[in-house]
Amino acid sequence: MKAWRTWGLILDDFAMRQLSPSQADDLYELVSERQGRSLIITSDRAPSD
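Take the sequence shown: its letters are residues 31 to 79, numbered as in the numbering used here.
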């Protein structure tokens, strides 16, 4: 029997404040590094924001 190790990242209540350019760059790098792995991002902001 094989054991599967799963890796996931959950960012809850994400971007409650405007991101600075440096923070946006960090987010892009994080998402790029997660390619092919689970990533869940939630926010209470309206889509129009």
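For glycine and all other residues, C-beta sits at the position ideal for the given N, C-alpha and C. Here the structure is a predicted model, which means the values were calculated and not measured.
Each residue's CA atom was taken as its position, placing Gly66 and Tyr58 some 15 angstroms apart.
Comparing alpha carbon positions, the residue from Ile70, Asp56, Pro51 and Val61 closest to Leu41 is Ile70. From the listed residues Ala76, Arg75 and Val61, the smallest Cα separation to Gly38 is found for Val61. Judged by beta-carbon spacing, Arg75 lies within the 8 angstroms limit of Ala45, meaning their Cβ atoms are closer than that value. Beta-bridge annotation (DSSP): Gly38 is paired with Ser68.
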